[in-house]
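Scroll down for the structure; my scribbles are underneath it.
Numbering (our numbering), first residue to last: 1 to 236.
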């Protein structure tokens, strides 16, 4: 079989764009404390994910993934095509399978049990990984295909970043001085916009114009100060 010319990151970009346009939930990255969705929101701890919604899933550990904790997935109408259970780490797969297979089989719901994510290629900083395979990408792709799918996901306890993987992601990062916004300091333009909106609500038009003029002057001062900091950082 021929390999695609598209990289995994490119495929993920196309997928996330399509899902966001259609208001579908997708998971972009994972850490040991939770999950970040395609829309940028972060959910702490285990989660239950549906085509257009994501909820907190109250399980204390993979040992608590049992018939009781997944029963509510069987109560949904219309019935799920498939439930994907991400058990965190690979060693949890067989124990969880033994506890929940009978219930899902009884309700004729397809079941996929796998580790939540297997660290493979990309690392974001020291804590987050771009997803390549296992439970989360399986949910993303099935959801993008409009299957009636849900996922019960427990974050992995073991998420180890090797020096090689960390080096790979550093090669993908831009230098800070090539970015549109300075990542080391608050955006002065963002602060300015919020301040002007507040001023227009509180003051008369004449007073607001005077204050906005003062803000514009301060903004130029902040911008010059930021540029000076960038030059100093470049010289280090």
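For every residue, glycine included, the Cβ atom is placed at its ideal position computed from N, Cα and C.
From a predicted model like this one, the values you see are computed outputs, not experimental measurements.
Here the alpha carbon of residue 36 sits roughly 44 Å from the alpha carbon of residue 206. Taking a 10 Å sphere around the C-beta of residue 28, we find 16 or more other C-beta atoms and assign the residue as buried. Residue 84: member of the beta strand (DSSP E) spanning 82 to 86, first to last residue.
Contact check for residue 99 against residue 66 passes: the beta carbons are separated by less than 8 Å. Here the segment 146 to 154 lies against the segment 73 to 85, with 3 or more beta-carbon pairs under 8 Å apart.
Rounded to whole angstroms, residue 144 and residue 26 show a C-alpha spacing of 8 Å. In the structure shown, residue 96 falls within a helical segment according to DSSP collapsed to helix, strand and coil.
Straight-line spacing of the CA atoms in residue 140 and residue 103 works out to 24 Å.
Residue 63 is positioned such that its CB atom lies no closer than 8 Å to that of residue 87.
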